[in-house]
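Mapping the sequence shown onto full-length UniProt numbering, position 606 (from 1) lands on 606, and the numbers just tick up by one. Where a beta carbon is used, it is the ideal one built from N, C-alpha and C, also for glycine.
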Amino acid sequence: MPCMLLDPSEKYKPYTPLKLENRQWPSKTFTGPPIWLSTDLRDGNQALANPMTIEQKTTFFQLLLECGFKEIEVAYPAASDTDFNFVRGLIEKKSIPDDVWIQVLTPAREDLIKRTVDAVAGCKKAIIHMYNATSPLFRNVVFKNSKQETTDLAVKHTKILRQLTDECTAKYGTEFRFEYSPETFTQTEPEFVVELCDAVKAAWGRAGSDLLDRIIFNLPATVEVAPPNHFADQVEYFHTHISEREKIIISLHPHNDRGCGIAAAELAILAGGERVEGCLFGNGERTGNVDIVNLALNQYTQGFNPNLDFSDIQHVIDVVTQCNDLPVHPRHPYAGELVFTAFSGSHQDAIKKGFEEQSKRHALARQNNEKEIWEMPYLPIDPADLGCSYEAVIRVNSQSGKGGIAYLIKQHLQLDLPRKMQIAFYAVVQAISDREAREMTVEDITTAFRETYHVGGSKYEGRLALRSFKISSAPPADPSGEDAEDIRQFDGTISVDGVLRVVRGDGNGPISALLNALHTHLDIDLALREYSEHSIDTASDLQKSRAASYIELVSASDRRSNISWWGVGIDRDIAGSGLRAVLSAVNSHIGDRVLPELKLSVGFSARSGQADIASAIVNSLALELPRRLQAAFFEVVQRSARESGDAIGYDALTTLFKETYGYDMPDEGPVSLRSFELEHLAGARIRLAGDFMFAGKERKLTGLGNGPLSAVLACLHESIAGTLTIREYSEHAIGSGTDAGAASYVELVYEVEVDGQLRKSSGWGVSADTDIAASGLRAVMRAASRVGAVWKN
Numbered sequence: 001m002p003c004m005l006l007d008p009s010e011k012y013k014p015y016t017p018l019k020l021e022n023r024q025w026p027s028k029t030f031t032g033p034p035i036w037l038s039t040d041l042r043d044g045n046q047a048l049a050n051p052m053t054i055e056q057k058t059t060f061f062q063l064l065l066e067c068g069f070k071e072i073e074v075a076y077p078a079a080s081d082t083d084f085n086f087v088r089g090l091i092e093k094k095s096i097p098d099d100v101w102i103q104v105l106t107p108a109r110e111d112l113i114k115r116t117v118d119a120v121a122g123c124k125k126a127i128i129h130m131y132n133a134t135s136p137l138f139r140n141v142v143f144k145n146s147k148q149e150t151t152d153l154a155v156k157h158t159k160i161l162r163q164l165t166d167e168c169t170a171k172y173g174t175e176f177r178f179e180y181s182p183e184t185f186t187q188t189e190p191e192f193v194v195e196l197c198d199a200v201k202a203a204w205g206r207a208g209s210d211l212l213d214r215i216i217f218n219l220p221a222t223v224e225v226a227p228p229n230h231f232a233d234q235v236e237y238f239h240t241h242i243s244e245r246e247k248i249i250i251s252l253h254p255h256n257d258r259g260c261g262i263a264a265a266e267l268a269i270l271a272g273g274e275r276v277e278g279c280l281f282g283n284g285e286r287t288g289n290v291d292i293v294n295l296a297l298n299q300y301t302q303g304f305n306p307n308l309d310f311s312d313i314q315h316v317i318d319v320v321t322q323c324n325d326l327p328v329h330p331r332h333p334y335a336g337e338l339v340f341t342a343f344s345g346s347h348q349d350a351i352k353k354g355f356e357e358q359s360k361r362h363a364l365a366r367q368n369n370e371k372e373i374w375e376m377p378y379l380p381i382d383p384a385d386l387g388c389s390y391e392a393v394i395r396v397n398s399q400s401g402k403g404g405i406a407y408l409i410k411q412h413l414q415l416d417l418p419r420k421m422q423i424a425f426y427a428v429v430q431a432i433s434d435r436e437a438r439e440m441t442v443e444d445i446t447t448a449f450r451e452t453y454h455v456g457g458s459k460y461e462g463r464l465a466l467r468s469f470k471i472s473s474a475p476p477a478d479p480s481g482e483d484a485e486d487i488r489q490f491d492g493t494i495s496v497d498g499v500l501r502v503v504r505g506d507g508n509g510p511i512s513a514l515l516n517a518l519h520t521h522l523d524i525d526l527a528l529r530e531y532s533e534h535s536i537d538t539a540s541d542l543q544k545s546r547a548a549s550y551i552e553l554v555s556a557s558d559r560r561s562n563i564s565w566w567g568v569g570i571d572r573d574i575a576g577s578g579l580r581a582v583l584s585a586v587n588s589h590i591g592d593r594v595l596p597e598l599k600l601s602v603g604f605s606a607r608s609g610q611a612d613i614a615s616a617i618v619n620s621l622a623l624e625l626p627r628r629l630q631a632a633f634f635e636v637v638q639r640s641a642r643e644s645g646d647a648i649g650y651d652a653l654t655t656l657f658k659e660t661y662g663y664d665m666p667d668e669g670p671v672s673l674r675s676f677e678l679e680h681l682a683g684a685r686i687r688l689a690g691d692f693m694f695a696g697k698e699r700k701l702t703g704l705g706n707g708p709l710s711a712v713l714a715c716l717h718e719s720i721a722g723t724l725t726i727r728e729y730s731e732h733a734i735g736s737g738t739d740a741g742a743a744s745y746v747e748l749v750y751e752v753e754v755d756g757q758l759r760k761s762s763g764w765g766v767s768a769d770t771d772i773a774a775s776g777l778r779a780v781m782r783a784a785s786r787v788g789a790v791w792k793n
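Structure follows, in structure tokens:
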């Protein structure tokens, strides 16, 4: 069976180095881009298993124009009717912009040269590219020609081409330029190449020093057989030995047989090359032509405008792959699917830190009106410059680290995780990746984060979810004690396994107050270990900025434990984000553990019983009772329980609430409001005109106030002895959609002098209505009916 030789020198000989004294190219640097010529439609097309149709070539031609090519080799017209007709179609349909030169290829044969010139007749600008093979292998083996016969062949056909192009110019006005390629240049004796090209230049006879008058000598590495430095030596030899150098454009045509096409082109530019022929993404015979996209973007990343536009590189990829029916390799420079991707944990961490530092550096540069230089670990170019997003920069598999995962969360959820939380979530992602043995997509990671920490809307809610809350201050139990700061009281409604629960607790801040409430009501005893927060700015609307909070909880009985639970909360209110973070962590802690159920009867402690009664009302009527109303109704319930000698059930509790406060019942009290109109006056004053019922008698009353409630009190004061004042008022939304409305709670205080004694009483009113003003007014009327007011006749 054939195999690699132990001594390859028995079969292969090394290239012969060029003795180039005083070579200059190693000390040169780039000063700008070369002239570009795309040969996708000729050299690239002839290498395809299924050559492009005219429609595909037309599409590809339009793409090259979009990219900014000014020189495009469109065909080998004498090779086939398809190529000939394609060139004629471009000309006759006027598809070639005035500033674009099309190039066509022909061998040094008279009949084929004539066919080629006929193909471009009538074109505004055309380059005729003629070639013949020049290396000893082709001279001696293929064509049996001497050096002189090879030179004579090239000179003869150059003169023929000159005559034919002169005639075409005279007849059609076509402007011609001439390109000559000594095919197999890299395998030809350097001195013979110079001698041959000098002879061709003389035969052409009109090379001038102006750019468009110069003759193009194209030096192809038809087959790459030596290292790129050798190609540079060959080009520099030609550059320094050809006569009338100022009348010449040295063009390069590297192939990629040794995988050095890019390097060969770049070194040869330093050696004197001024023009490069290649294909997009390196298509071409065998291993392909040099990749112009790669070369151009190499120039771009050195700070030079390559004069080609790949701002939407995915569009370029799509057209090229559709026309060539060849894929772009995932690791292809600049264009591959994975070229901006880091899977390694250390690489991801470096990129994450690089973005963070660069953001600061660029902000400072903007302040100082300086350049915002791109300097990023593992990313030599900004993907955004090529129309790519940062989504593919960090991708996650079993080799990935916490830094990359944290970067994705920050980019896609705007959450800057604390380091310890990064470690915690990293373990979650690694477990999923190991279990499923696949790459984790961004969607996989963000979904895992939302599911783990219960953020991102109702879809990801945990067993405990915050519905509403109020934080208030209370004086310390011992004002003279060491800790005489105000106590914070938490009153809130929490959904517990789908059931609304009213909970309350005390602490030195909102978080400790909520933890106290959870301990009291749900037997969850946790303590705070770590807390951090940051804002999530919305650049388009700062009023919509939100706060993100991160909390680590541990068991209150073992605060040094290695076991902890992390939570995340997001809210427009900083206190709300912290409270939500607490519940996020608590959800991780409780798992499937059974929690104390809501009691549907009374007969327990005043503290816990009051909250459970409020929970029953919020579940049955969707009313979130203010704390003072909770206390007032609790007394009503306790009194009713004592009088009946039995516990009060859930349904009876709801009925008792309605009867006590007239909620959702006909207005049958001593006073009620049948209808009203509000008029807004100057100075933010309001006039209320209403139809009232007093003990079954109708009255029309008018009152002024700073709002609807003070205006209705003004009306009532005309018909009562004493005064009514509002001690507490609160409201909240109720329902949703078209059924949305407001629930209002009013506590009135009534004061009246009877027999020389000041008598004082209070009462609550509750109402709900789709109109918030009507809800508040009816709550006032129901409270007024329950204070025992003395009404005037």
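Nearest to residue i by alpha carbon, out of the options?
i	options	result
LYS171	LYS124, GLU624, LEU37	LYS124
residue 801	SER468, ARG450, LEU466	The shown model of the chain, from 1 to 793, leaves out residue 801, and the question about it has no answer.
SER472	LEU196, LEU252, PHE490, LEU464	PHE490
HIS255	ILE242, ASN289, TYR237, SER243	ASN289
CYS260	PRO227, GLN348, ILE292	PRO227
LYS57	LEU137, ALA631, VAL320	VAL320
ALA296	ARG366, CYS279, ALA232	CYS279
VAL496	PRO510, ILE487, ALA622, ARG467	ARG467
ASN619	GLY498, ALA652, GLN24, GLU659	GLY498
ALA689	GLY705, TRP374, GLY683	GLY705
residue 799	GLY32, LYS114, LEU701	Beyond the ends of the chain as shown, which are 1 and 793, falls residue 799; an answer cannot be given.
GLY683	GLY707, ASP667, TYR661, PRO670	GLY707
VAL503	LEU464, LEU653, ALA527, ALA119	LEU464
At what residues does the beta strand (DSSP E) containing residue i begin and finish?
i	result
ILE381	Neither: ILE381 is in no beta strand (DSSP E) and is coded neither H nor E.
ALA75	71–75
GLU277	275–278
ARG17	The amino acid occupying residue 17 in the given sequence is Pro; Arg does not appear at that position. Careful: PRO17 lies outside any beta strand (DSSP E) and carries neither H nor E.
ALA647	Element bounds for ALA647: n/a, residue is neither H nor E.
THR222	Counting along the chain, THR222 falls outside any beta strand (DSSP E), and DSSP gives it neither H nor E.
GLU698	697–705
LEU48	Run containing LEU48: none; DSSP gives neither H nor E here.
PRO626	That residue, PRO626, is in no beta strand (DSSP E); it is neither H nor E in DSSP.
GLU376	Inspection of the sequence shows that residue 376 is occupied by Met rather than by Glu. That residue, MET376, is in no beta strand (DSSP E); it is neither H nor E in DSSP.
Please name the residue or residues paired with residue i in a DSSP beta bridge.
i	result
ALA585	The partner list for ALA585 (beta bridge, DSSP) is empty, contrary to what the question assumes.
LYS760	GLU751
PHE176	ALA126
LYS420	None; LYS420 has no bridge partner.
TRP791	ILE720
ASN324	Answer is none; ASN324 lacks a bridge partner.
ARG361	Beta-bridge pairing links ARG361 to no other residue.
GLN489	SER472, ASP506
Excluding the five sequence neighbours on either side, which residues of its own chain have a C-beta within less than 7 Å of the C-beta of residue i, listed in chain order?
i	result
ARG628	GLU728, GLU747
THR165	VAL117, ILE128, PHE176
For residue i, report the span of its alpha helix (DSSP H) as first-last.
i	result
TRP204	190–204
ILE248	Per DSSP, ILE248 belongs to no alpha helix (DSSP H); it is in the beta strand (DSSP E), 248–254.
Which residues in the same chain have their Cβ closer than 6 Å to the Cβ of residue i, if we skip the five residues on either side of it in sequence?
i	result
ALA133	GLU183, THR184
ASN516	GLY505, ASP506, GLY507
TYR426	LYS402, ILE405
TYR76	ARG42, ASP83, LEU105
THR414	In the sequence under discussion, the amino acid at residue 414 is Gln, which differs from the Thr named in the question. The answer, listed in chain order, is ILE536.
ALA606	With a pLDDT of only 40 at ALA606, under the threshold of 50, the placement of this residue in the model should not be trusted, and no figure is reported.
GLU731	ALA742, SER744
GLY662	ARG782
Leaving out the 5 sequence neighbours to the left and right, which residues in its chain are closer than 8 Å to residue i when beta-carbon positions are compared?
i	result
GLN187	SER135, PRO136, LEU137, THR222, VAL223, VAL225
GLU244	LYS201, ALA207
TRP101	LYS70, GLU71, ILE72, LYS125, ALA126, ILE127, ARG177
GLU179	GLN103, ILE127, ILE128, HIS129, MET130, ILE215, ILE216, PHE217, ASN218, SER251
ILE269	PHE30, PRO34, LEU252, VAL276
LYS238	The amino acid at residue 238 is misidentified as Lys; the sequence shows Phe. So the list reads PRO190, VAL193, VAL194, CYS197, PHE217, LEU219, ILE250, GLY272, once near-sequence residues are dropped.
Secondary structure, beta strand (DSSP E): runs of 3+ residues fully inside the segment 512–581
526–536, 546–555, 565–571
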